[in-house]
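Right, one structure below, let's go through it.
2 protein chains.
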Amino acid sequence: MTGKLVVIGLGPGDPRYLTPEAADALAAAEALYGYGPYLDRVPPRAGQIRHPSDNREEGARAAAALRHAAEGANVAVVSGGDPGVFAMAAAICEQIESGPDAWRALDVVFVPGITAMLAVAARIGAPLGHDFCALSLSDNLKPWNIVARRLDAAADAGFVIALYNPISRARPWQFGNALERLRRHLPEITPVVFGRAVGRPDERVNITTLAEADAAQADMATLVIIGSRETRVIARPGRPPLVYTPRAAAKVSA
Amino acid sequence: MTGKLVVIGLGPGDPRYLTPEAADALAAAEALYGYGPYLDRVPPRAGQIRHPSDNREEGARAAAALRHAAEGANVAVVSGGDPGVFAMAAAICEQIESGPDAWRALDVVFVPGITAMLAVAARIGAPLGHDFCALSLSDNLKPWNIVARRLDAAADAGFVIALYNPISRARPWQFGNALERLRRHLPEITPVVFGRAVGRPDERVNITTLAEADAAQADMATLVIIGSRETRVIARPGRPPLVYTPRAAAKVSA
Numbered sequence: 001m002t003g004k005l006v007v008i009g010l011g012p013g014d015p016r017y018l019t020p021e022a023a024d025a026l027a028a029a030e031a032l033y034g035y036g037p038y039l040d041r042v043p044p045r046a047g048q049i050r051h052p053s054d055n056r057e058e059g060a061r062a063a064a065a066l067r068h069a070a071e072g073a074n075v076a077v078v079s080g081g082d083p084g085v086f087a088m089a090a091a092i093c094e095q096i097e098s099g100p101d102a103w104r105a106l107d108v109v110f111v112p113g114i115t116a117m118l119a120v121a122a123r124i125g126a127p128l129g130h131d132f133c134a135l136s137l138s139d140n141l142k143p144w145n146i147v148a149r150r151l152d153a154a155a156d157a158g159f160v161i162a163l164y165n166p167i168s169r170a171r172p173w174q175f176g177n178a179l180e181r182l183r184r185h186l187p188e189i190t191p192v193v194f195g196r197a198v199g200r201p202d203e204r205v206n207i208t209t210l211a212e213a214d215a216a217q218a219d220m221a222t223l224v225i226i227g228s229r230e231t232r233v234i235a236r237p238g239r240p241p242l243v244y245t246p247r248a249a250a251k252v253s254a
Numbered sequence: 255m256t257g258k259l260v261v262i263g264l265g266p267g268d269p270r271y272l273t274p275e276a277a278d279a280l281a282a283a284e285a286l287y288g289y290g291p292y293l294d295r296v297p298p299r300a301g302q303i304r305h306p307s308d309n310r311e312e313g314a315r316a317a318a319a320l321r322h323a324a325e326g327a328n329v330a331v332v333s334g335g336d337p338g339v340f341a342m343a344a345a346i347c348e349q350i351e352s353g354p355d356a357w358r359a360l361d362v363v364f365v366p367g368i369t370a371m372l373a374v375a376a377r378i379g380a381p382l383g384h385d386f387c388a389l390s391l392s393d394n395l396k397p398w399n400i401v402a403r404r405l406d407a408a409a410d411a412g413f414v415i416a417l418y419n420p421i422s423r424a425r426p427w428q429f430g431n432a433l434e435r436l437r438r439h440l441p442e443i444t445p446v447v448f449g450r451a452v453g454r455p456d457e458r459v460n461i462t463t464l465a466e467a468d469a470a471q472a473d474m475a476t477l478v479i480i481g482s483r484e485t486r487v488i489a490r491p492g493r494p495p496l497v498y499t500p501r502a503a504a505k506v507s508a
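The listed protein sequences derive, respectively, from chains A and B. Going by our numbering, the first sequence opens with residue 1, and the numbers climb by one from there. Going by our numbering, the second sequence opens with residue 255, and the numbers climb by one from there.
Right, here's the structure in full:
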């Protein structure tokens, strides 16, 4: 008997964003592994075993799920958003590469989902409408000087920047430092968007400027979009403004 | 009576990737606007009018849809992938900004979708598992020197690079030029992934190296992922290899 491991993206949380492929994979799984709050978003099903774990235990969770699948079970690992964007897919691959040979023989399937930057962008217009990058501000797994260098390079070259994991209790100063650094490259009026929990009851999406952006507005679940020099805000009477980056790049000099 | 404009992401094409939010919005629309082949993916519905247009007519299509919505209709504009990533959402915002005041008063909703880079990445592992950027190679709307500068900056700073619109009949040399340029920054063995039509009958996903990558392998609908110095390939007996970028960045010097 051969086991199977499916790594599933739940999207931002609301079932409206869950793809049929992800829903089917969740329904077929005998066991679910994941960060507790993500597992809580999956409706319970009789006979399906749940293995919640903490959000700093990705490696151990991946190994446990692979061991279980190698025993012949149909196992699912759930991620918020897309599993391939700062989530469980890379952790699974790391374990497969360093683990026993049997893990390389397993049927492993990755099911994409709506990642946070797409959900936040859709709420306010099209800030990612032109070239952009996605950058994790966490320096748990990379030195801060690499983060700083990437922020400099991205802002300087005209990429819109989507920041994942901007801040946490263990990383209190990094996001403020990143904002200061970006102010050296970009105008004060550059649009900045803070978004969290899109589609959930506690959804919050705010538009500000780089001059006014305050690190205290973000928490661990916030996705931050920093515009480029091209990013614009359209005021609308009686409606929230739209933020977008035009398809044509005219103002960046090479 | 107030009209509504919904800008919908269909994902990569297979209905398994279509979110329930997108399916509901398609069902509710009185009129659909979009590039012909994308409209063909939407099941026909009695009473729903279709307005297909060519893929180089985004501005005119956006204006036509806005005019129709301003007359009081529930209008949908469909995009492949995610509407906010090199697709219709920015074109709609451009028209709203430059158009009549009534267009700013419209209810405009953006419905996110699975963009090509997420679908291709999921097919082969987790190449976007660490910091990455998305870059359109089209120089229809930006000068080539900006594209070149962004390629240099992204490769040099250690971003994985997802290339949209790599090649077309009107842009035959740009992708080859981009590959040559990237070879100056990245090792020959850097993994490169070509993916197209994920989930559709003509799906094709190939893994190669930067040394071996050939521009002729791509067409207009191909999404290309260029690894960073960290990106790795896991050989698997009897299964296709996995390509992934580890969560930890160790090898990039700052």
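Glycine included, every Cβ here is placed at the ideal spot set by N, Cα and C.
Since residue i is in the beta strand (DSSP E), which residue starts that stretch and which ends it?
i: A:Ser79; result: Asn74 to Ser79
i: B:Arg295; result: Per DSSP, B:Arg295 belongs to no beta strand (DSSP E) and is neither H nor E.
i: A:Asp156; result: Where A:Asp156 is concerned, there is no enclosing beta strand (DSSP E), although the alpha helix (DSSP H) it sits in stretches over Trp144 to Ala157.
i: B:Asn460; result: Arg458 to Thr463
i: A:His68; result: Note, A:His68: premise wrong, no beta strand (DSSP E); alpha helix (DSSP H) at Glu58 to Ala70.
i: B:Gly288; result: Ala285 to Tyr289
i: B:Arg493; result: Arg493 to Tyr498
i: B:Ser390; result: Phe386 to Ser390
Measuring straight from C-alpha to C-alpha, what distance separates residue i and residue j?
i: B:Gly412; j: A:Ala221; result: 25 Å
i: A:Pro237; j: B:Asp355; result: 9 Å
i: A:Gly129; j: A:Ala70; result: 42 Å
i: A:Gln174; j: A:Val147; result: 10 Å
i: B:Pro291; j: A:Ala215; result: 44 Å
i: A:Ala105; j: B:Gly379; result: 14 Å
i: B:Pro420; j: A:Ile114; result: 23 Å
i: A:Val252; j: A:Ala178; result: Because the pLDDT of A:Val252 is 44, which lies under 50, any placement of that residue in the model is unreliable, and the number read from its coordinates should be weighed accordingly. Distance between the alpha carbons of A:Val252 and A:Ala178 is about 22 Å.
i: B:Asn328; j: B:Gly353; result: 19 Å
i: A:Ile198; j: B:Val331; result: Sequence check: residue 198 of chain A is Val here, not Ile. Going by the C-alpha atoms only, they are around 22 Å apart.
i: B:Ile461; j: A:Ser138; result: 29 Å
i: B:Ala282; j: A:Arg200; result: 22 Å
i: B:Glu312; j: B:Ala344; result: 10 Å
i: A:Ala62; j: B:Asp361; result: 43 Å
i: A:Arg16; j: A:Ala119; result: 12 Å
i: B:Asn399; j: A:Asn55; result: 42 Å
i: A:Pro143; j: B:Leu405; result: 23 Å
Can you list, in chain order, the residues of its chain with a C-beta nearer than 6 Å to that of residue i? Leave out the 5 residues immediately preceding and following it.
i: B:Ile479; result: Pro381, Ala416 and Val447
i: A:Asp131; result: Phe159
i: A:Pro191; result: Gly227, Thr231, Val233 and Val243
i: A:Ala121; result: Pro127 and Leu128
i: B:Thr256; result: none
i: B:Glu457; result: Ala451
i: B:Ala408; result: Cys387 and Ile415
i: A:Met337; result: There is simply no residue 337 of chain A to check, as chain A begins at 1 and stops at 254 in what is shown.
i: A:His255; result: The first residue shown for chain A is 1 and the last is 254, placing residue 255 of chain A beyond what the model contains.
i: B:Gly265; result: Tyr271, Leu272, Gly367 and Ile368
Ignore the nearest five residues each way along the sequence and tell me which others in residue i's own chain have a CB closer than 8 Å to its CB.
i: B:Ala508; result: Summary for B:Ala508: the model assigns pLDDT 39, below 50, so the residue's position carries little reliability; its value from the coordinates is reported in the next sentence. Correct list: empty, nothing qualifies.
i: B:Val365; result: Val260, Val261, Ile262, Gly263, Thr273, Glu275, Ala276, Ala279 and Pro337
i: B:Ala314; result: Ser307
i: A:Thr245; result: Ala126, Pro127, Leu128, Gly129, His130, Phe132, Val160, Gly227, Ser228, Glu230, Thr231 and Arg232
i: B:Gly267; result: Arg295, Gly334, Ala451, Val452, Gly453 and Arg454
i: A:Thr183; result: For the record, residue 183 of chain A in the displayed sequence is Arg; it is not Thr. Once the five neighbours on either side are set aside, the close Cβ partners of A:Arg183 are Leu210 and Ala211.
Interface residues of chain B around residue i at Cβ under 8 Å?
i: A:Phe194; result: What A:Phe194 touches in chain B: nothing, since even the nearest Cβ is about 17 Å away.
i: A:Ser79; result: What A:Ser79 touches in chain B: nothing, since even the nearest Cβ is about 11 Å away.
i: A:Gly238; result: Ala359
Who are the near neighbours of residue i in its chain, counting only those whose CB is closer than 7 Å to its CB and skipping five residues on each side?
i: A:Ala134; result: Val85, Met117, Ala162 and Tyr164
i: B:Ala516; result: Within the shown structure, residues of chain B are numbered from 255 to 508, placing residue 516 of chain B beyond reach of any answer.
i: A:Ala298; result: Residue coverage of chain A in this structure runs from 1 to 254, which leaves residue 298 of chain A outside it and unanswerable.
i: B:Ala502; result: none
i: A:Leu39; result: Leu32, Arg50, Pro52 and Val78
i: A:Arg171; result: Ser138 and Asp139
For residue i, return the contacting residues in chain B, with the cut-off set at a CB-CB distance below 9 Å.
i: A:Leu26; result: The contacting residues do not exist; A:Leu26 stays about 13 Å from chain B at best.
Would you mind telling me which residues of chain A sit closer than 7 Å to residue i, beta carbon to beta carbon, in chain order?
i: B:Ala345; result: Arg247
i: B:Thr485; result: Ordered by position in chain A, no residue passes the 7 Å Cβ test against B:Thr485, which lies about 10 Å from the chain.
What first and last residue would you give for the alpha helix (DSSP H) that runs through residue i?
i: A:Asp101; result: Asp101 to Ala105
i: A:Pro20; result: Pro20 to Ala28
i: A:Arg196; result: Note, A:Arg196: premise wrong, no alpha helix (DSSP H); beta strand (DSSP E) at Pro191 to Arg196.
i: A:Asp89; result: Here the sequence assigns Ala to residue 89 of chain A, which means Asp is not the residue at that position. First-last of the alpha helix (DSSP H) with A:Ala89: Met88 to Ser98.
i: A:Val120; result: Ala116 to Ile124
i: A:Leu179; result: Gln174 to Arg183
Residue i touches chain B at which residues, Cβ-Cβ below 7 Å?
i: A:Lys142; result: Ala502 and Ala503
i: A:Gly84; result: Leu372, Ala375, Ala376, Ala380, Leu382 and Gly383
i: A:Phe132; result: Cys387 and Ala388
i: A:Ile96; result: Ile488 and Leu496
List the residues of chain A whose Cβ lies closer than 8 Å to the Cβ of residue i, in chain order.
i: B:Ala424; result: Per Cβ cutoff of 8 Å: no residues; B:Ala424 is ~16 Å from chain A at best.
With a threshold of 6 Å, establish whether the CB of residue i neighbours any heavy atom of the ligand ADP.
i: B:Gly267; result: This structure does not include the ligand ADP; it has no bound ligands of any sort.
For residue i, return the contacting residues in chain A, with the cut-off set at a CB-CB distance below 9 Å.
i: B:Thr463; result: Per Cβ cutoff of 9 Å: no residues; B:Thr463 is ~18 Å from chain A at best.
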